[in-house]
Every structure is written in structure tokens, then in C-alpha cells.
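Novice:
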Amino acid sequence: MKKVLFATTALVMTAGVAAAEVAISGDGRMGVIYDGDDVQFASRARVKFTLTGESDAGLSFGGEFRVDQEDWNNSYRSAARGERGAVWISGTYGKLSMGDVVSASEAAIGDLYEIGYTDGAVAGDPEEISYLVGDGANRDQGPTILYEYTVNQISFYASATDGVDTSVYDVTTGANTYTPTGNPDTDALSDHVAYSLAAKYDAGNWWAALGYAKHDDMSEISLGGEAKFNNFSVKGVFVKYDDVFVGTGAEFDSTIGLSAAYQADALTVKGFFRQDKVDVYGASDIKPRAIGIGADYDLGGGAVLAGGIINVDSDVAGVDDDTYADVGVKFKF
Amino acid sequence: MKKVLFATTALVMTAGVAAAEVAISGDGRMGVIYDGDDVQFASRARVKFTLTGESDAGLSFGGEFRVDQEDWNNSYRSAARGERGAVWISGTYGKLSMGDVVSASEAAIGDLYEIGYTDGAVAGDPEEISYLVGDGANRDQGPTILYEYTVNQISFYASATDGVDTSVYDVTTGANTYTPTGNPDTDALSDHVAYSLAAKYDAGNWWAALGYAKHDDMSEISLGGEAKFNNFSVKGVFVKYDDVFVGTGAEFDSTIGLSAAYQADALTVKGFFRQDKVDVYGASDIKPRAIGIGADYDLGGGAVLAGGIINVDSDVAGVDDDTYADVGVKFKF
Amino acid sequence: MKKVLFATTALVMTAGVAAAEVAISGDGRMGVIYDGDDVQFASRARVKFTLTGESDAGLSFGGEFRVDQEDWNNSYRSAARGERGAVWISGTYGKLSMGDVVSASEAAIGDLYEIGYTDGAVAGDPEEISYLVGDGANRDQGPTILYEYTVNQISFYASATDGVDTSVYDVTTGANTYTPTGNPDTDALSDHVAYSLAAKYDAGNWWAALGYAKHDDMSEISLGGEAKFNNFSVKGVFVKYDDVFVGTGAEFDSTIGLSAAYQADALTVKGFFRQDKVDVYGASDIKPRAIGIGADYDLGGGAVLAGGIINVDSDVAGVDDDTYADVGVKFKF
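Residue numbers (my numbering), protein chains in the order written: chain A, 331 to 663; chain B, 331 to 663; chain C, 331 to 663.
1) I believe alanine 350 of chain A touches glycine 631 of chain C by the beta-carbon criterion, under 8 Å. Please report the beta-carbon distance rounded to the nearest angstrom.
2) Just to confirm, are lysine 378 of chain A and arginine 407 of chain A a CB contact at a threshold of 8 Å?
3) Answer yes or no: do arginine 359 of chain C and phenylalanine 661 of chain C have a C-beta to C-beta separation smaller than 8 Å?
4) Using the beta-carbon count (16 or more within 10 Å), is asparagine 482 of chain C buried or exposed?
5) How far does the alpha helix (DSSP H) with alanine 434 of chain A in it extend, from its first residue to its last?
6) Please confirm whether arginine 469 of chain A has its beta-carbon closer than 8 Å to some beta-carbon of chain C.
7) What would DSSP say about glycine 504 of chain C, mapped onto helix, strand or coil?
8) Beta-carbon of methionine 428 of chain C versus every beta-carbon of chain B: anything under 8 Å?
9) By Cβ distance below 6 Å, which residues in the same chain neighbour glutamate 444 of chain A in space, the five residues on each side in sequence not counted?
10) For arginine 604 of chain C, report the span of its beta strand (DSSP E) as first-last.
11) With which residues is glutamate 458 of chain C paired in a DSSP beta bridge?
12) Classify serine 563 of chain C: buried if its beta carbon has 16 or more other beta carbons within 10 angstroms, exposed otherwise.
13) When the Cα atoms are used, what is the spatial distance from tyrosine 627 of chain A to alanine 387 of chain B?
14) Could you compute how far the alpha carbon of leucine 597 of chain A sits from the alpha carbon of threonine 585 of chain B?
15) In the DSSP output, which residue or residues are listed as bridge partners for phenylalanine 486 of chain C?
16) Assuming asparagine 641 of chain A is part of the beta strand (DSSP E), what are its boundary residues?
17) I'd like the list of long-range same chain contacts for arginine 619 of chain A, defined as Cβ closer than 6 Å, with 5 residues on each side in sequence excluded.
18) Please name the residues in the region 617-651 of chain B whose beta-carbon is closer than 7 Å to at least one beta-carbon of chain A, in chain order.
19) Pop quiz: phenylalanine 663 of chain C and serine 355 of chain C are said to be a contact at Cβ under 8 Å. What is the actual Cβ separation, rounded to whole angstroms?
20) Taking C-beta pairs closer than 9 Å, name the residues in chain C that serine 408 of chain A reaches, listed in chain order.
21) How about arginine 411 of chain C: is its C-beta nearer than 8 Å to some C-beta of chain D?
22) Name the two residues that bound the continuous beta strand (DSSP E) containing aspartate 449 of chain A.
23) Tell me the rounded alpha-carbon separation between isoleucine 639 of chain C and isoleucine 621 of chain C.
24) How is the beta strand (DSSP E) around phenylalanine 379 of chain B delimited, first residue to last?
25) Considering only the alpha carbon of each residue, which of C/Lys617, C/Asp492 and C/Ala625 lies closest to tyrosine 364 of chain B?
26) With distances taken from CA atoms, which of B/Trp536, B/Phe391 and B/Ile475 is nearest arginine 414 of chain B?
27) Cβ atoms of alanine 410 of chain A and aspartate 398 of chain C: under 8 Å apart, would you say?
28) Between aspartate 656 of chain B and valine 452 of chain B, what straight-line distance do the alpha-carbon atoms span, to the nearest angstrom?
29) Using the C-alpha atoms, what's the distance from serine 549 of chain C back to glycine 361 of chain B?
30) Candidates C/Met428, C/Leu527 and C/Asp401: which alpha carbon is nearest glutamate 394 of chain C's?
31) Starting from histidine 545 of chain B and walking both ways along the beta strand (DSSP E), at which residues does that stretch end?
32) Could you check where the beta strand (DSSP E) with glycine 555 of chain C kicks off and where it finishes?
33) Look at the Cβ atom of leucine 527 of chain A, then the Cβ atom of tyrosine 542 of chain A, and state whether they are nearer than 8 Å.
34) Label threonine 380 of chain A either buried or exposed according to how many other C-beta atoms from any shown protein chain fall within 10 Å of its C-beta, with 16 as the threshold for buried.
35) Let me confirm a value: glycine 534 of chain B is counted as buried when at least 16 other C-beta atoms fall within 10 Å, else exposed. Which label applies?
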């Protein structure tokens with residue numbers, strides 16, 4: 331027998347229910363991708379749980395995770411263990427989240443605009459900025475915390491890991507399975523607290539933000555801003571890294587990214603450009619770059635027709651560019 | 331605090347909600363099975379999500395998957411990656427589905443009647459016909475598509491994979507892990523598009539259907555029909571295979587299957603007979619067969635008492651028949 | 331689009347729906363733990379499905395499992411295969427459950443009081459008594475059954491496994507992967523039925539229960555009781571084991587446990603003490619013990635502030651005690 335969930339907050343208000351709740355929502359997509367070599371069918375269906383409650387003193391609390399984020403084996407992918415999803419408490423003094431949260435820098439600045447049917451996944455998500463802390467970077471330390479506080483137009487963010495590596499222990503035997511690589515820069519990395527601080531000024535039609543993150547010797551300074559005027563929006567991000575080794579004799583130096591969007595009724599056209607800089611000791615810098623353009627057409631009722639093209643140039647001699655593309659329909663339920 | 335979902339479409343209609351929805355349903359079973367050697371307890375509980383929406387122009391879309399179909403590691407069992415479950419779009423010009431869908435042949439003809447408490451699973455599901463495309467056969471190629479269109483009493487079906495093997499890549503390293511076996515018939519198999527076409531004529535109390543499928547050199551022609559009169563229903567399936575190698579010097583030649591059911595009030599008695607033919611080069615054919623009989627008694631409210639016995643004879647010299655049985659209660663929620 | 335589930339049984343009654351239902355509830359927690367070496371962030375979010383129905387003749391049936399209990403690979407952790415969660419039928423003649431159920435002894439007597447933010451998990455759950463049957467002990471035999479029947483103030487319990495080992499078969503190849511250890515006490519263990527019987531007398535403000543369990547040569551006799559007076563409650567458990575080998579030349583002899591709680595409005599203070607006895611042949615007994623104390627403060631609306639400290643002494647020469655602690659907020663949705 332099929333159970334029907336209601337899509338109406340109105341009914342809940344009528345009933346006057348103030349208790350803790352579990353809300354359920356979903357998304358899906360179907361279309362085709364060009365992965366640089368072949369055209370492939372690509373589809374998915376997902377469901378998300380959103381948990382909300384309020385204490386007698388008016389403290390809000392909640393949590394959220396998707397069904398596909400509950401998959402413990404292999405990759406520590408489990409909301410029941412704090413490695414995916416998040417829980418939070420929120421009140422007058424701000425919001426404190428714990429779990430698979432983003433860093434302060436990422437919470438304040440975020441990524442470039444996602445384009446296409448797969449939101450950039452077909453090309454390995456080059457629109458995502460590489461922040462040092464949170465959002466997948468330090469899952470070997472278990473849950474990350476994120477604190478957010480907004481007063482007038484200014485928001486403050488702080489986030490940290492606990493500096494205790496949980497991934498080097500075998501889940502069943504409890505044995506330490508980490509094999510040191512002999513590289514002091516990465517060997518002890520997961521035993522150090524990774525933290526991030528950020529501030530954002532939001533004037534309504536534009537905002538600017540500054541972030542800082544540190545993990546062991548590695549550090550990151552990030553700057554971002556976005557402006558919206560009429561149907562246009564533009565966003566820029568610059569991140570400067572220090573001591574972020576990406577292999578013997580090479581260091582990740584910086585990322586600069588720009589994205590823009592134009593919306594006219596149901597149609598949105600979006601694009602981004604990103605260039606990284608990698609310092610190679612005793613040789614020329616490598617400057618990988620990615621450029622993408624895409625369009626979304628809103629079909630209403632939660633369906634969006636979307637497509638995009640992304641070109642990635644690794645700037646390594648003898649390696650060709652890769653061009654990726656996708657087109658399909660995205661659903662929200 | 332327990333949340334209660336409503337089992338009433340009426341209430342939804344009253345509320346006049348037209349938006350996208352997530353419906354939730356479940357099933358379960360508890361009983362005992364005889365696996366040919368031992369009697370064992372067997373139980374399960376499952377939950378399914380059904381996602382539905384409609385665009386402004388009246389295009390229907392949706393998706394569905396079960397919680398246990400979200401389990402990425404090991405077997406590519408994940409609705410969030412298109413390997414399980416399905417999404418679809420449906421309108422005046424038919425229905426297009428993508429994901430873990432059945433082939434055109436299977437959509438038109440289907441399998442023999444399922445019997446017993448475990449729906450044949452105790453005996454390895456001999457009531458399921460071996461279709462070449464979809465329904466588990468080509469998951470190494472990612473999502474399959476299925477198109478269905480009905481005009482008057484005639485339905486047309488078409489399905490295909492994309493011919494791009496995704497299973498030979500290691501999920502974490504991205505390396506190609508396929509080791510060619512030296513058999514040209516299977517080595518390059520997953521790099522070929524598998525497709526299927528079928529048509530069905532449905533006269534209400536009887537239907538007949540014809541299907542065709544091809545994957546590399548392998549092909550399949552399938553014929554099926556079903557008739558219902560008074561409390562009886564009878565269904566027959568015949569499938570002829572070509573170039574389907576099942577080992578060195580042996581080829582899967584054909585399957586013939588027949589099933590019948592009789593319903594009297596809450597009681598339904600069902601049975602099936604199936605015989606395969608395997609051509610062995612330079613030796614006699616092997617003719618494995620399976621025969622099963624079972625009964626369902628509807629207890630109302632979603633509970634059904636069910637039991638069945640299935641005998642499988644491999645027709646290989648020196649190998650005994652196996653007899654399987656099960657009895658228990660099946661639930662729908 | 332977000333779906334809202336209702337937290338009101340009243341509404342369901344109004345609608346007069348008698349059909350099978352899927353209810354959804356959740357829990358979460360966020361806080362810090364001290365694992366004996368380091369302080370770590372610890373959080374989680376979970377969702378549970380509760381399935382309920384009733385046949386035409388008034389037989390109740392149902393099932394339940396959590397999303398994180400659907401994770402087949404590795405550890406047979408799957409409600410869809412009866413290894414986690416449970417299904418049941420309930421009527422005039424008692425309740426019969428199948429799946430990952432507790433033993434008769436555990437159903438009657440249970441564990442000591444859980445303390446702290448992680449309910450004892452930070453210290454490896456020393457408040458949990460080691461029952462021989464069910465609750466994780468015999469999952470290699472697939473589902474366990476539990477029968478419960480109450481008449482007046484007396485409840486009877488019986489539980490059993492089927493004595494058929496399913497874990498030694500490789501899921502994909504079907505091969506038997508068990509490597510005998512040469513110890514006759516454990517080698518054939520999973521091929522023997524494990525069963526348990528128990529009875530409980532409940533006088534309202536106190537109860538007493540007696541249980542018995544047997545698995546191959548191993549047996550267990552358990553005694554338990556609890557009393558509640560004014561704001562106090564006290565519970566005691568004693569278990570005597572026979573032939574339970576815990577290594578060469580050592581046998582698990584007994585467990586004695588005591589726990590107490592005091593509640594004053596929103597505050598509950600809880601504690602437990604447990605001592606095991608291990609017989610070592612030709613040497614002194616080892617007597618590991620654990621002691622814990624904790625407090626819960628109910629914030630209302632499903633939120634509870636909780637903390638606890640647990641000390642575990644292995645009583646092995648040269649091995650120090652371990653002290654664990656946790657504090658955080660627990661949520662119910």
C-alpha cells in the first residue's frame with residue numbers, strides 16, 4: 331500500500347504541531363554525458379531526510395542526510411557515524427553544526443557556479459574550489475564542527491577538526507593500519523587540528539568575504555565576492571595556498587576563479603573560468619585551467635532541462651585538453 | 331517522537347496539492363525455507379521511495395528505489411548512481427525510463443508466475459526468464475533506457491544500453507581492472523550496445539507479445555502470451571537464443587515455460603514448468619528443467635500466507651535433483 | 331520541494347485510516363568524547379522506519395529497521411536479508427518476531443542502565459550484558475526468532491536460531507570460506523541451534539526474571555530484577571556461564587551488575603557497576619570491572635543534554651585502567 335507524504339506546510343500549521351519532525355525530499359536526473367571519450371546514459375534518484383526540533387527554551391536543533399550517505403563500508407560514508415550529513419543546534423548565539431560540514435572559508439565564499447545537467451560532475455567538478463578544511467578534506471578525523479553567527483550584515487564563521495585520526499584504525503580489529511610514507515609533510519597530517527576562520531559582509535545585492543584556514547604547515551587565504559544587478563550575477567574567488575605539496579618538488583600555489591550568470595524568465599545561462607597555479611621547483615609553473623558554459627531551462631513543478639560544456643587543460647606538455655559535455659533533465663521532489 | 335505517514339490519497343486530493351511528492355511504502359516477510367539441505371528461518375523488511383512530479387506543461391516525471399538499493403560498495407548497487415532503481419519522464423508520446431530497467435522483451439512478456447513465500451528466491455528464481463538486456467544483465471554499462479508507447483491495444487517497447495563499460499574501472503583508483511579471458515565472445519562484450527525491441531497486443535482478457543534482443547553476436551527472439559478466463563489464468567513463454575555461449579563447447583539454445591493460476595476468493599493456487607535446452611558440441615543436448623507449485627492465501631490488510639515447492643533437475647549425469655520449499659507470511663505496508 | 335511528515339496520531343484517528351502504514355522517526359547527537367587518549371568530536375544522525383498493519387482477522391503485523399541497518403557488504407548488515415531490523419506478527423497468542431532480535435534472556439532481563447551522551451558506546455558499552463543468543467551473537471546463522479507471551483503479570487519468552495551457518499559462504503562465489511581453527515569448542519559452533527528461555531514476573535513497581543540459554547556446549551543462567559520507588563530505580567543482573575571459552579586455558583565464568591537511577595524533574599542521575607569473572611586454568615581468576623556515572627538533563631521537545639564517565643579495569647597485570655567520558659546533546663525526532 332502506497333503512503334503519500336504531504337507537500338504542504340499549511341496543513342502542518344493548521345494542525346498546530348510543534349513537535350520534532352522528519353521531513354523527506356528527493357531529487358533525480360536523467361540524461362546523457364560525454365565523458366571526453368564516450369557518450370553515456372546517466373541517471374540517478376536520491377532521497378534526503380531533514381530532521382527538525384525545538385527545545386522548551388526555544389533552541390532549534392536538527393540534522394540531515396541522504397539515503398546514499400549511509401554506506402559505511404569502504405569509505406567511512408555514514409551519517410550514523412558522523413562522516414556524512416550533519417546535526418546542528420541553533421539559537422540566539424548562532425548555529426553550531428557537526429558532521430560532514432564545510433569549512434568557515436567555504437561557508438563564507440563557496441564555489442563557482444555549477445553548470446550543466448550533472449552540475450559539473452561529468453568533468454570532475456572543476457567549479458569546486460579546493461578548501462583545506464571540511465567538505466571531504468579531513469574526513470579521516472571524523473566529524474568537523476562549524477560555527478556561524480550573523481549580526482546585522484556581517485557573518486562570522488569558524489570551523490575545526492579534532493586532530494584525531496580515526497581512519498588509520500581498522501574498523502573490525504582496531505589495529506593501526508597507517509603506513510608512513512616517509513614524507514613529513516603528509517605523514518602526521520591527520521593528527522593535526524585543521525581549522526578555518528572567515529567573515530562576510532552582505533549588502534543585499536552584493537557581498538564580499540575573507541577566509542583563512544590552516545592544517546599543520548599548510549595554510550590558505552581566500553577572498554570572494556558576488557554581485558547581482560538586474561538579471562546578471564557575477565562571482566569571483568581567489569585563494570592563495572602556502573606549503574600545500576602536491577607531489578615531490580611541486581606546490582599548489584593559488585586558484586583564481588570567475589563565474590557569471592544571466593537569467594531571463596525560465597532560462598538561465600551560466601559560465602565559469604578557473605585557473606590554478608602549481609609551483610614546480612627549478613622549472614616553469616604549471617597553470618591548469620578549466621572553462622565551462624551551460625544553460626538551465628525551468629520546466630516548472632521541479633523539473634529543469636539543463637546542459638553544459640566544460641573544457642579542462644592540464645597545462646602539462648604532451649597532455650591534450652579534455653572536453654566534457656552533458657544534457658538532461660534534473661528533478662526536485 | 332514517532333512520525334505517522336498517511337495512507338490516504340483522499341486527504342491529498344482534499345488539500346489540492348499538485349506539487350512534487352515523495353511517497354513511501356514497504357514490504358516484509360517472515361517464514362521458513364528449505365534450501366535443499368536445511369530448514370532455515372528467513373525474514374526481511376524493506377522500504378521503497380516513489381518520487382512523482384509534473385512540469386508546468388503537464389509532463390509527468392518520477393523515480394523510485396528501495397533503501398536496500400543504495401549500497402554502492404562492492405556491487406555497484408546504488409540508485410544515486412543509476413545502477414539500481416529508475417527515473418522516468420512520461421507524456422503524450424510515451425514513457426522514457428532510465429536506470430536499472432528491464433529490456434523491451436521483458437517489459438512486453440515478463441517472467442513466469444512467482445510462487446511461494448520467497449517468490450521463488452529459495453530456488454534461485456527459476457521462474458525468471460533469462461533476457462539478454464536489462465534487469466541486471468548489463469549493469470556493467472551503467473543505466474539502461476526503456477521507451478514504452480501504447481496506442482489503442484498495441485504497445486511498443488525499445489530499450490538499450492550505452493555500450494560503455496563502467497565496471498572494469500576501479501572506483502577509487504580509476505584503473506582498468508579487466509583481465510581478458512581470451513574468449514573473443516565475452517571479452518569485448520560490455521563494450522557493445524545491447525538493445526531490445528518488442529510489441530504487444532492486449533485484448534483485455536488475453537495478450538500476445540513478440541520481442542527481439544541483440545548484444546554483440548548474441549541474439550534472442552522471444553514469444554509470450556497470457557489468457558484469463560473466469561478464475562483461471564495461463565501464461566506461456568518461448569525464447570530462442572543464438573550464439574549465447576555458456577562455457578567452452580556449449581551454447582544456450584532455448585527456454586520454454588508455462589505457468590497457470592487459479593483463484594477462488596482469498597486463495598490462489600499457482601504453478602509453473604520450465605525447460606531449457608543447452609547445445610553441447612559433439613554430445614547430447616542438456617535439458618535442465620524446473621517445476622513449481624504454490625499457494626497464496628490473502629489474510630487482508632496487506633498480509634498473505636504463502637508457500638511453495640520447487641524441483642530443479644539440472645539434467646547433468648550424476649547430479650541429483652534439488653527440491654526447495656518455503657512457507658511464511660508476506661506483508662505489504 | 332520539501333515534504334513534511336506529521337507528528338500527530340490524532341490526525342490519523344480523525345481520518346479513520348486502518349490500512350498498513352510506514353512511520354518514520356529519527357535521532358541524532360552532537361558532542362565530544364574522551365576515548366581514553368584524545369578528546370574527539372562525535373556526532374550522528376539516523377532515521378528509522380516502522381511498518382505496521384493489521385489483517386482482516388485482527389492479526390497485527392509489522393517491521394522496523396534503520397537506514398544505517400541497510401548496508402549489506404562486509405558485515406551482513408541488511409534488514410532486507412533479515413540480518414538487521416525485525417518483522418513480527420502479534421495476536422491473542424502472543425508476539426512472534428524474526429530478524430535481528432534479542433534472546434529470551436535479554437528480552438526478559440536486559441542490560442544495565444545506559445549512561446552518558448553516547449549511551450556507553452565511548453567505553454565499548456560495558457553496561458551491555460553478554461547474552462549467548464541473539465542481539466548480534468549469532469548473526470552468522472541468519473535471522474533469529476523470539477516469541478513473547480504475557481498472561482496477567484507473567485511473561486514468557488522463547489528464542490532460537492536455526493543452526494544453519496550462512497556466514498561461511500562467500501556471497502558472490504557461494505564457496506565455503508570457513509577455516510577451522512582446530513578448536514572443537516568453536517569450530518562447529520555456528521552449526522548448532524542456539525536457544526533461550528525466560529520468564530518474568532512484573533508487579534508494576536518491581537519485577538524479577540530468570541533466563542536460560544544454550545549454544546552447543548555453552549550455557550548461561552541469568553537472573554535479574556528491578557525496583558522503582560519514588561524517584562529511585564535500582565536494577566541488578568547476575569549471569570553464570572558454563573563452558574564459554576574465551577581463549578586457550580580461560581573460561582568466562584560470570585557477570586554481576588548493578589545500576590541505579592535518581593530522577594528529579596528534568597534531571598536524571600544514573601550509574602552502574604559491573605564485575606566479570608574469568609577462570610584461568612592453573613592461575614588466579616581475572617576479575618575485570620567497569621563503573622560508570624552519568625547525568626541526563628531533559629531540554630524538552632526531544633533534546634537531552636547528557637554526559638558520563640566510565641572507568642574500565644581489565645584486572646590484567648601491567649595493564650592500566652581506562653577512563654572514558656562524553657558530553658553532548660541527544661535528539662529525538
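No residue lacks a Cβ here, since even glycine has one placed at the ideal position from N, Cα and C.
Please read these numbers as outputs of a predicted model, since none were measured by experiment.
Specialist: Straight from the coordinates:
1) To locate residue 350 of chain A, count along the first sequence from 1; it is residue 20. To locate residue 631 of chain C, count along the third sequence from 1; it is residue 301. Going by Cβ atoms, the distance from alanine 350 of chain A to glycine 631 of chain C rounds to 6 Å, so yes, they are a contact pair.
2) Locating residue 378 of chain A in the first sequence gives position 48, counting from the first residue. Locating residue 407 of chain A in the first sequence gives position 77, counting from the first residue. Cβ atoms of lysine 378 of chain A and arginine 407 of chain A: not closer than 8 Å.
3) The residue given as residue 359 of chain C occupies position 29 in the third sequence. The residue given as residue 661 of chain C occupies position 331 in the third sequence. Yes. Within cutoff.
4) The residue you call residue 482 of chain C lines up with position 152 of the third sequence. Answer is exposed; the Cβ neighbour count stays below 16.
5) Translated into positions along the first sequence, residue 434 of chain A becomes position 104. Where alanine 434 of chain A is concerned, the enclosing alpha helix (DSSP H) stretches over 434-438.
6) The count along the first sequence starts at 1 and reaches residue 469 of chain A at position 139. Chain C contact via Cβ: absent.
7) Position 174 of the third sequence, counted from the start, is the residue given in the question as residue 504 of chain C. Unreliable positioning characterises glycine 504 of chain C in this predicted model, as indicated by a pLDDT of 41, which lies under 50. The coordinate reading is nonetheless provided below. Correct three-state label for glycine 504 of chain C: coil.
8) As a first step, residue 428 of chain C must be located in the third sequence, where it is residue number 98. Methionine 428 of chain C counts as touching chain B.
9) Residue 444 of chain A sits at position 114 when you count from the first residue of the first sequence. Closer than 6 Å at Cβ, skipping near neighbours: Gly450 and Glu457.
10) Along the third sequence, read from residue 1 onward, the residue named residue 604 of chain C stands at position 274. Looking at the DSSP string, the run of the beta strand (DSSP E) that includes arginine 604 of chain C is 597-610.
11) One-based indexing of the third sequence puts residue 458 of chain C at position 128. Glutamate 458 of chain C is not bridged to any residue.
12) For the purposes of this step, residue 563 of chain C is taken as the residue at position 233 of the third sequence. Flag for serine 563 of chain C reads buried.
13) Along the first sequence, one-based indexing puts residue 627 of chain A at 297. Along the second sequence, one-based indexing puts residue 387 of chain B at 57. Answer to the nearest angstrom: the Cα atoms are 13 Å apart.
14) Residue mapping note: residue 597 of chain A aligns to position 267 of the first sequence, counting from 1. Residue mapping note: residue 585 of chain B aligns to position 255 of the second sequence, counting from 1. Roughly 52 Å between the two C-alpha positions.
15) Counted from its first residue, the third sequence places residue 486 of chain C at position 156. In DSSP, phenylalanine 486 of chain C forms a bridge with C/Tyr479 and C/Ala529.
16) Position 311 of the first sequence, counted from the start, is the residue given in the question as residue 641 of chain A. Asparagine 641 of chain A -> beta strand (DSSP E) spans 633-643.
17) One-based indexing of the first sequence puts residue 619 of chain A at position 289. The answer, listed in chain order, is Gln605 and Asp643.
18) Gly632
19) Locating residue 663 of chain C in the third sequence gives position 333, where the first residue counts as 1. Locating residue 355 of chain C in the third sequence gives position 25, where the first residue counts as 1. Yes, they are in contact, since the Cβ atoms of phenylalanine 663 of chain C and serine 355 of chain C sit about 6 Å apart, within 8 Å.
20) Position 78 of the first sequence, counted from the first residue, corresponds to residue 408 of chain A. Ordered by position in chain C, the residues that pass the 9 Å Cβ test against serine 408 of chain A are Arg374, Asp398 and Asp401.
21) As a matter of chain content, chain D is missing from the structure shown, whose protein chains are A, B and C.
22) For this step, residue 449 of chain A is matched to residue 119 along the first sequence. Taken as a continuous stretch (DSSP letters only), aspartate 449 of chain A belongs to no beta strand (DSSP E), as it is neither H nor E.
23) Locating residue 639 of chain C in the third sequence gives position 309, counting from the first residue. Locating residue 621 of chain C in the third sequence gives position 291, counting from the first residue. Spanning the two alpha carbons is a distance of roughly 8 Å.
24) Taking the second sequence and counting its residues from 1, the one referred to as residue 379 of chain B is at position 49. Note, phenylalanine 379 of chain B: beta strand (DSSP E), 369-384.
25) Here the question's residue 364 of chain B lines up with position 34 in the second sequence. Here the closest residue by C-alpha is C/Asp492.
26) As a working note, residue 414 of chain B is residue 84 in the second sequence. It is B/Ile475.
27) Stepping through the third sequence from its first residue, residue 398 of chain C is reached at position 68. Stepping through the first sequence from its first residue, residue 410 of chain A is reached at position 80. Their beta carbons are under 8 Å apart, which means aspartate 398 of chain C touches alanine 410 of chain A by this criterion.
28) Taking the second sequence and counting its residues from 1, one reaches residue 656 of chain B at position 326. Taking the second sequence and counting its residues from 1, one reaches residue 452 of chain B at position 122. For aspartate 656 of chain B and valine 452 of chain B, the distance between alpha carbons rounds to 7 Å.
29) For the purposes of this step, residue 361 of chain B is identified with residue 31 of the second sequence, where counting begins at 1. For the purposes of this step, residue 549 of chain C is identified with residue 219 of the third sequence, where counting begins at 1. The straight-line gap from Cα to Cα measures roughly 27 Å.
30) Within the third sequence, residue 394 of chain C is the residue found at index 64, counting from 1. With distances taken between Cα atoms, glutamate 394 of chain C lies closest to C/Met428.
31) Counted from its first residue, the second sequence places residue 545 of chain B at position 215. Taken as a continuous stretch (DSSP letters only), the beta strand (DSSP E) holding histidine 545 of chain B covers 536-545.
32) To locate residue 555 of chain C, count along the third sequence from 1; it is residue 225. Looking at the DSSP string, the run of the beta strand (DSSP E) that includes glycine 555 of chain C is 548-559.
33) By one-based count along the first sequence, residue 527 of chain A stands at place 197. By one-based count along the first sequence, residue 542 of chain A stands at place 212. Result yes, Cβ atoms of leucine 527 of chain A and tyrosine 542 of chain A sit closer than 8 Å.
34) In the first sequence, residue 380 of chain A corresponds to position 50, counting from 1. So threonine 380 of chain A ends up on the buried side.
35) Counting from one through the second sequence, the residue named residue 534 of chain B turns up at place 204. In this structure glycine 534 of chain B is exposed. Its beta-carbon is surrounded by fewer than 16 other beta-carbon atoms within 10 angstroms.
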